[in-house]
Amino acid sequence: FYLELPVEVHTKLLTHKWHELLVLTTSAYQAIHGANKPGSVASDGTEVHFTQEVSNNLCTLQTCLTSMMGRPITMDQLRQDVGLMVEKITHVTLMFRRIKLTMHEYVCLKVIIMLNSGQSSAAARGGTTELEAIQERYMTCLRTFVEHTAPNQPNRFHDLLVRLPEVQSAASLLLESKMFYVPF
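Start counting the sequence shown at 1; every next residue gets the next number (full-length UniProt numbering).
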């Protein structure tokens, strides 16, 4: 769809949606390529080691931030500033891992979330029917793909889409965080 839209529209979309794309990409990458920890999902689908996963993710973030900033970041400071955001991202990652998110599904979700008509993208979208048509095309593509590749999972399409508000919620916390300053 990139060739269908002017560069200015892409720039506006990315400026308004970068944080959601970052959270989606981080969660999807960890779900698809990250170490699939045995025992992290119980047979009933509940998260057994959610707290441990959050703790591991906070430790990784602490190491990275300490290295980047050249000064120690305490775990208490990290938990206070970004603890809830890390919990939300970890939850989305575990849900994607549980349903075994595929790269094809991720790509469709990426376009869908970028073109989502939520409040944060209202200025970027300008209510154009072109963007709505592209988003609908990717929704149809995702629905068709899921119906053909996972016919025994009738709720899979819904299970994928229900993650998007969770991604948006985590992304809004990213924007609010003082630890991750972005100048635009």
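The C-beta atom is built at its ideal place from N, Cα and C for all residues, glycine as well.
(Q) Given this structure, state the Cα-to-Cα distance separating residue 130 from residue 145, to the nearest angstrom. (A) The alpha-carbon atoms of residue 130 and residue 145 are separated by roughly 22 Å.
Q) Between the segment 160-172 and the segment 79-99, do three or more beta carbon pairs fall short of 8 Å? A) Judged by Cβ distances under 8 Å, the segment 160-172 makes contact with the segment 79-99, as three or more pairs qualify.
Q. Helix, strand or coil for residue 165 per DSSP?
A. Helix.
Q. Looking only at its own chain, which residues have a Cβ that is under 7 Å from the Cβ of residue 92, when we skip the five neighbours before and after it?
A. The beta carbon of residue 92 sits closer than 7 Å to those of 27, 163, 166, 167 and 170, all from its chain and outside the five residues before and after it, given in chain order.
Q | Spatial distance of residue 10 from residue 3 (CA atoms) | A | Counting only the Cα atoms, residue 3 lies some 10 Å from residue 10.
Q) For residue 24, which residues of its own chain have a beta-carbon under 7 Å away from its beta-carbon, when the five flanking residues on both sides are left out? A) Excluding residues within five positions, the ones whose Cβ falls inside 7 Å are 109, 110, 113 and 167.
Q) Where does residue 185 land, buried or exposed, given buried means 16+ other C-beta within 10 angstroms? A) Limits of the chain in this structure are 1 at one end and 184 at the other, which puts residue 185 out of reach.
**Q.** C-alpha gap between residue 13 and residue 64, whole angstroms
**A.** Separation of residue 13 and residue 64 (C-alpha to C-alpha, rounded to the nearest whole angstrom) is 29 Å.
Q: Starting from residue 91, trace the alpha helix (DSSP H) both ways and give me its first and last residue.
A: Unbroken alpha helix (DSSP H) run through residue 91: 75-98.
Q) So, are the CB atoms of residue 142 and residue 157 less than 8 Å apart? A) By the CB criterion at 8 Å, residue 142 and residue 157 fall inside the cutoff.
Q | Cα-Cα separation, residue 150 to residue 140 | A | C-alpha separation (whole angstroms): 15 Å.
Q. Would you say residue 75 and residue 94 are within 8 Å of each other, going by their C-beta atoms?
A. No.
Q) Can you tell which of 77, 134, 83 and 6 has the C-alpha that lies nearest to the C-alpha of residue 51? A) Nearest option by C-alpha distance: 83.
Q | Alpha-carbon spacing of residue 123 relative to residue 5, whole angstroms | A | With a pLDDT of only 46 at residue 123, under 50, the local geometry of the prediction cannot be trusted, and the value read off the model is given with reservation. Straight through space, the alpha carbons of residue 5 and residue 123 are spaced by roughly 16 Å.
Q: Pick out the complete alpha helix (DSSP H) segments inside the segment 128-158, 4 residues or longer, and give them in chain order.
A: Taking 4 residues as the shortest admissible run, the segment 128-158 contains the following complete alpha helix (DSSP H) segments, listed from N- to C-terminal end: 129-149.
**Q.** Secondary structure of residue 3, DSSP reduced to three states
**A.** DSSP, reduced to helix, strand and coil, places residue 3 within a helical segment of the structure shown.
Q.
Just verifying my parser: in three-state terms, what is the DSSP assignment at residue 115?
A. It is coil, neither helix nor strand.
Q. For residue 99 versus residue 1, is the C-beta spacing smaller than 8 Å?
A. No, the Cβ-Cβ distance between residue 99 and residue 1 is not below 8 Å.
Q. Any idea if residue 17 is buried or exposed, counting beta-carbon neighbours within 10 angstroms, 16 or more meaning buried?
A. Result: buried.
Q: Could you pull out every residue in the same chain whose Cβ sits closer than 8 Å to the Cβ of residue 22, ignoring the five residues on either side in sequence?
A: Within the same chain, 171 and 174 come within 8 Å of residue 22 by CB-CB distance, once the 5 residues on both sides are set aside.
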